[in-house]
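In what follows, a single structure is set out as structure tokens and then discussed.
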Amino acid sequence: MRLKFIEERIAKILMSLASLLVILFVVSILYTILKRGMPALNWDMATKIPEGGYYNGGGGGVLNAIMGSLFIVLGSTILGLLISIPVVFYMNVYLSKTSKLAYISRLAFDVMFGIPSIVYGAFAFSIMIYLGMRTSLGGGILVITLLVIPIFIRSMDEVAQHLPKDLLDASYSLGATKLETIKVVLLQIAPGIATATLLSVGRAIGDAAGVMFTAGFTDSIPTSLSAPAATLPLSVFFQLSSPSASVQDRAYASALILTIIVLIISVLGRLVTTYFSKNKI
Amino acid sequence: MKEFQYKNPTRATWAEDYSFLNNDLDNSKLEGDKNKKSNLKVTDLNLYIHQHHILKNVSLEIPDNKITCIIGPSGCGKSTLLKTFNRLIDDTEGIRYDGSIWVDDVDIFDKKTEITDIRKKMGLLSQRPCPLPMSIYDNITFGCKLHGIRNKKRLAEIVEEQLKAVGLWEEVKDRLHAPASKLSIGQQQRLCLARGLAVEPEFILADEATSALDPISSKHIEELFVELKKDYAIILVTHTLRQALRIADHVIFMYLGKVIEAGPADEIFNNPKEELTRKYLEGAFS
Amino acid sequence: MNRILKNKIAAGMMFSLTLASISLVVLIGMGLYLKSAPIFKEHSLWELISSADWQPSSGKFGFLPFIGGTLWITGIAVILALPVALLTSIFLSEHSKPYVKKWIFPALDILAGIPSVVYGVWGILLVVPWVSEVLAPHFVEYATGYSTLSGGIVLGVMILPLLISLFVEIFAAVPRDLRDAALSLGATRWQTSKLVILRKTLPGLLAAVMLAISRAFGETIAVLMVCGNIPLLPHSLFDSCYPLPALIANNYGEMLSVPMYESALMLAAFFLFIVVLIFNTSSRAVIYKLERKFQ
């Protein structure tokens, strides 16, 4: 009889420790990045592109990579939304719950969700070679779009599957066609769309393996879709492989910038999600 | 547009007062301002969901400018019948039907019939109020915009008219652009009614529309139905006999997917022809 | 009539869009297979995965070190992450007070949102020195710290948020009654978790672990940064290793000059694709089934 209470005690301690460990990891990662990134972080890092000899300790910053990353995230998010909203709408409003096509699509998007970005990158690169394309901003955007589509679709679908039948009926009984019901559906799943965007922006900005071969790397800010584009994760990676300690320090600073951007996005996302929930039934 | 008289629900004795239900509306005088009679006729309707025969040889006619109550024990197919009228039932898995339903002499099952036109003629009020996820104002204009009304001034007029018609105007006129979900559940149901009326339907279909509401809100909705019947044919599915007794002009009794008896309320309630109807009314089963 | 036509056209377009997105999976699979096919003309599949000899310039493509490296790192990551994830998620869904959730859920969100390159930097700054200076001296004479173990640790932390969120979701699907039944029989909370919840959800938990494994398989940058990248099968946890994704990432740019090299790297990508395909579909099947059971 006593034994089970002792067991309960031990279990509780272990569980608390495990949870503490999770928090410890977060603190440790943030603290490490902050501690090593802070000394090399200065205004130039975020506002200047690399000057000559940057990778040997010359002046400048990583604005090229920041802008490249933002362009890629913006492009892929817009493309991703344009593709995934109709798909989610089709799966949930036009197809019935037991439809074979809906089942197969969900499975396919699950698989796509699992495909590593390096595989997308390699696949896209070999197609680009085949087409004679060079590494470019456009190529990077396309690969990241492939990467975020399943994230968009899966997390929006999660919400859309719980659309109240009454809501659709209410719209239909006013004489709306299924297409015209999209406004109602979009407003209802708006918080889901916001969450999905948040998730995919996070994934898109942090991805390095996918853009490695497709977007390339450059010291200037891309001016067209066919120009190569640097990205922040790759910039961290390349600076880190430099033998010079001062360049490595700047890698840590760049990692700090990346982390700050990700955290800002996540906080903003939370606010936006709350805002979009206001009309929800 | 139709004109409505609105009774103030806040008057002291309102909750107890059912006098409005009795005789203050004389049906014979109420030809309404419509020239055309609304007409809904069902002939030999059979409906199956997978193997189940849900509606069996249903034939009936819905009179205009009356409240028709469909009564019957739960599971008798009354809600299904109601949703067949505007073919919301179409999206159900494994649905099959034959027979026909005529709305203003158009067969709604005909392939050439555009279902959105049929649905526009039928305002639906569901069991639980279901406002669209937008503001009060947009809820009402949603349907109008679909059917081509774009003029902002006209839309604002419609909103005011319809909200007045359901007695919601005074309560919400200062917060028309607040989310509809912020209203109380009784207000939401009245908003849904106003939303349905805004597309100028001929019929109002109500599927146990008061069952989720508190008694006061229920009475409010019932009162509205009685007012509205001068312009619409109202079809009410209900499982509360007392509600049918209060407001029905015409009653259809269904049992196990069949129409057992249909006729004027007085006849059915006071002098049912069928044994089953009598038993149901006596509360032998429900 | 115009509106009706619009509806029909839109339906057609959305149908094609859906179909196109689905066929992408097939397309990628086929593309990878076709690209890697040439290598099978010279080597058999068995030869490729059983040989440890990797010398692309002399036409030797032994994938064993890479497959071994991937398996090692993934295995370590799962072994390390599983108990932590399991305990934390039981704590979150069965035992904890609201304020605990208020702290842990945002922490998990941050953990899930941190880019893999930042994990890599953290690995280099903290995990690698720790392994090399604190842990390794107890076992071996010299270790750089860029090792299988470091890779496993970093990867383990990376899959934590995924595992925990999947677990919490699965626990949440267990009906309340089941818990109440066990508790009212006099079981302690932990006994309820252990005997009822865990047992009831075991297939789902396994499926979640498989999903996490398939995610771990493909993780590239963070692992690449800390695992040393030497194409030899590791003999101990402190040896360097070279997982498949790192192989692709490190060599893809330069492969064009060496014959068969591209084909070999595409085969590596194809391996990853197949593993993800199998793991994902089977674990999804289990989860779907489980969801239906609880509904």
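Residue numbers (this note's numbering), protein chains in the order written: chain A, 16 to 296; chain B, 11 to 296; chain C, 69 to 363. All C-beta atoms in this analysis are idealised placements derived from N, C-alpha and C, irrespective of residue type, glycine included. Quick caveat, the model's predicted, so the values are computed rather than measured.
Find the residues of chain A that neighbour residue i, judging by a C-beta separation of less than 7 Å, and give them in chain order.
| i | result |
| --- | --- |
| Thr94/B | Within 7 Å Cβ-Cβ: nothing; Thr94/B doesn't reach chain A, min ~13 Å. |
| Tyr320/C | Ala137, Phe140, Phe228 |
| Ser104/C | Here the premise fails: no neighbours, minimum Cβ distance about 10 Å. |
| Thr151/B | Going along chain A, no residue has its Cβ under 7 Å from Thr151/B, so there is no contact; the nearest lies around 11 Å. |
| His157/B | Gly190 |
| Gly276/C | Reading off the sequence, residue 276/C comes out as Ala, not Gly. Within chain A, no residue comes near Ala276/C; the closest Cβ sits about 13 Å away, beyond 7 Å. |
Since residue i meets chain C, which of its residues come closer than 7 Å, beta carbon to beta carbon?
| i | result |
| --- | --- |
| Leu36/A | Val152 |
| Lys19/A | Thr256, Gln259 |
| Asp125/A | Asn348, Arg352 |
| Thr274/A | Ile182, Val186 |
| Glu22/A | Trp258 |
For the candidate residues the options, whose alpha-carbon lies nearest to that of residue i?
| i | options | result |
| --- | --- | --- |
| Ile221/C | Ile238/C, Val152/C, Asp177/C, Ile158/C | Val152/C |
| Thr126/B | Gly153/B, Ser191/B, Arg106/B | Gly153/B |
| Phe131/C | Val354/C, Asn348/C, Ala353/C, Phe338/C | Phe338/C |
| Trp58/A | Gly74/A, Leu194/A, Ile280/A | Gly74/A |
| Leu207/B | Gly177/B, Ile59/B, Asp115/B | Gly177/B |
| Val354/C | Ser43/A, Pro101/A, Leu122/A, Ala209/A | Leu122/A |
| Ile107/C | Met328/C, Phe341/C, Leu340/C, Val344/C | Met328/C |
| Ala61/A | Ala266/A, Phe291/A, Thr288/A, Ile280/A | Ala266/A |
| Leu173/B | Asn149/B, Lys240/B, Ile195/B, Tyr290/B | Asn149/B |
Residue i touches chain A at which residues, Cβ-Cβ below 8 Å?
| i | result |
| --- | --- |
| Ala79/C | Tyr105, Tyr109, Lys193, Leu194 |
| Glu103/B | Ser111, Lys112, Thr113 |
| Arg185/B | Those do not exist, as Arg185/B stays about 13 Å from chain A at its closest Cβ, beyond 8 Å. |
| Met334/C | Ala137, Ser141 |
| Ser194/B | Residues of chain A passing the Cβ test: none, with the nearest at roughly 14 Å. |
By Cβ distance below 7 Å, which residues in the same chain neighbour residue i in space, the five residues on each side in sequence not counted?
| i | result |
| --- | --- |
| Ala166/B | none |
| Leu301/C | Ala120, Leu132, Pro133, Gly136 |
| Glu13/B | Per-residue confidence for Glu13/B stands at a pLDDT of 42, beneath the threshold of 50, marking its modelled position as unreliable; the derived number appears in the next sentence. Nothing meets the Cβ criterion. |
| Lys293/A | none |
| Cys86/B | Met264, Tyr265, Leu266, Gly267 |
| Gly42/B | With a pLDDT of 42 at Gly42/B, under the threshold of 50, the modelled position of this residue cannot be trusted, and the question is left open. |
| Met227/A | Gly136, Leu249 |
| Leu218/B | With the sequence shown as reference, residue 218/B is identified as Glu, and Leu is not the correct amino acid for it. Only Gln137, Val247, Thr248, His249 meet the Cβ criterion. |
Whose C-beta lies closer than 8 Å to the C-beta of residue i among residues of the same chain, with five residues either side of it excluded?
| i | result |
| --- | --- |
| Leu247/A | Val77, Ala80, Ile81, Gly83, Ser84, Ile220, Ser269, Ile272, Leu273, Ile276 |
| Ile236/A | Ile64, Leu78, Asn79, Met82, Gly83 |
| Leu70/B | Lys51, Val52, Ile262, Val269, Ala272 |
| Glu1/B | Missing from the structure shown is residue 1/B; chain B here goes from 11 to 296 and no further. |
| Ala276/C | Leu231, Leu234, Phe235, Ile238, Ser351, Ile355 |
| Ser126/C | none |
Can you pull the chain C residues whose beta carbon is under 9 Å from the beta carbon of residue i, in chain order?
| i | result |
| --- | --- |
| Lys27/A | Phe159, His163, Arg257, Trp258 |
| Lys180/A | Per Cβ cutoff of 9 Å: no residues; Lys180/A is ~16 Å from chain C at best. |
Short of 6 Å in beta carbon distance, which residues of its chain neighbour residue i, apart from the five on each side in sequence? Order them along the chain.
| i | result |
| --- | --- |
| Ile156/A | Ile87, Gly90, Ser91 |
| Ala245/A | Asn79, Ala80, Gly83, Phe232, Thr233 |
| Ala117/A | Met106, Leu110 |
| Asn157/C | The sequence given here places Ser at residue 157/C; Asn does not occur at that position. Ile232, Phe235, Val236. |
| Val68/B | Val52, Leu55, Val269 |
| Ala26/A | none |
| Met226/C | Tyr187 |
In chain B, which residues lie less than 8 Å from residue i when you measure between Cβ atoms?
| i | result |
| --- | --- |
| Leu202/A | Leu142, Pro143, Met144 |
Residue i versus chain B: which residues are under 7 Å apart at the beta carbon?
| i | result |
| --- | --- |
| Ala211/A | In chain order: nothing, as chain B lies at least about 17 Å away. |
Residues of chain A with CB closer than 9 Å to the CB of residue i, please, in chain order.
| i | result |
| --- | --- |
| Trp171/C | Ser34, Ile38 |
| Ser136/B | Asp181, Asp184, Ala185, Ser188 |
| Gly99/C | Phe138, Ser141, Ile142 |
What does residue i touch in chain B if you count any residue whose Cβ is under 9 Å from its own?
| i | result |
| --- | --- |
| Val1/A | A question about residue 1/A goes unanswered here, because the residues of chain A that appear run from 16 up to 296. |
Interface residues of chain C around residue i at Cβ under 8 Å?
| i | result |
| --- | --- |
| Ile93/A | Near Ile93/A there are no residues of chain C at all, since even the closest Cβ is about 15 Å away, more than 8 Å. |
_Stretch pair the segment 252-261 of chain B + the segment 71-91 of chain B: three plus CB contacts closer than 8 Å_ = Counting C-beta pairs with one atom in each stretch, the segment 252-261 of chain B and the segment 71-91 of chain B have three or more that are closer than 8 Å, which means they touch.
_Quick test of the definition: if touching needs 3 or more C-beta pairs under 8 Å, does the segment 286-295 of chain C touch the segment 117-134 of chain A?_
Counting Cβ pairs under 8 Å, three or more are found: they touch.
_Counting beta carbon pairs with one atom in the segment 209-221 of chain C and one in the segment 291-311 of chain C, are three or more of them shorter than 8 Å?_
Counting C-beta pairs with one atom in each stretch, the segment 291-311 of chain C and the segment 209-221 of chain C have three or more that are closer than 8 Å, which means they touch.
*Evaluate the contact criterion for the segment 229-243 of chain A versus the segment 210-220 of chain A: three or more CB pairs, one atom per stretch, below 8 Å.*
By the criterion of at least three beta-carbon pairs nearer than 8 Å, the segment 229-243 of chain A is not in contact with the segment 210-220 of chain A.
*asked:* With a threshold of 8 Å, are at least 3 pairs of Cβ atoms found where one atom belongs to the segment 178-190 of chain A and the other to the segment 135-148 of chain B?
replied: Taking 8 Å as the limit for Cβ pairs, the verdict is that the segment 135-148 of chain B does touch the segment 178-190 of chain A.
*asked:* What are the residues in the segment 50-81 of chain A lying within 7 Å of chain C by C-beta distance?
replied: In summary, the residues of the segment 50-81 of chain A whose CB is separated from some CB of chain C by less than 7 Å are Arg51, in the order they occur in the chain.
*Pair every Cβ in the segment 212-227 of chain B with every Cβ in the segment 53-69 of chain B, then say whether three or more of these pairs are closer than 8 Å.*
Under the 8 Å Cβ criterion, the segment 212-227 of chain B does not count as touching the segment 53-69 of chain B, having fewer than three qualifying pairs.
*Compile a chain-ordered list of the residues in the segment 281-299 of chain C whose CB is closer than 8 Å to at least one CB of chain A.*
Look at the segment 281-299 of chain C: the residues with a C-beta under 8 Å from a C-beta of chain A are Ser282, Arg283, Phe285, Gly286, Glu287, Thr288, Ile289, Met293.
*In chain order, what residues of the segment 179-208 of chain C put their CB closer than 9 Å to some CB of chain A?*
Under the 9 Å Cβ criterion, the segment 179-208 of chain C contributes Leu179, Ala180, Gly181, Ile182, Pro183, Ser184, Val185, Val186, Tyr187, Gly188, Val189, Trp190, Ile192, Leu193, Leu194.
_Can you confirm whether the segment 202-217 of chain B touches the segment 86-97 of chain B when touching is taken to mean that 3 or more C-beta pairs between the two stretches lie within less than 8 Å?_
The segment 86-97 of chain B is in contact with the segment 202-217 of chain B.
_Contact between the segment 28-37 of chain A and the segment 161-173 of chain C is defined here as three or more beta-carbon pairs at a separation below 8 Å; is this criterion met?_
In short, these stretches touch, since the Cβ pair count reaches three.
*Contact between the segment 182-202 of chain C and the segment 268-275 of chain C: three or more CB pairs below 8 Å?*
Too few Cβ pairs lie closer than 8 Å, so no.
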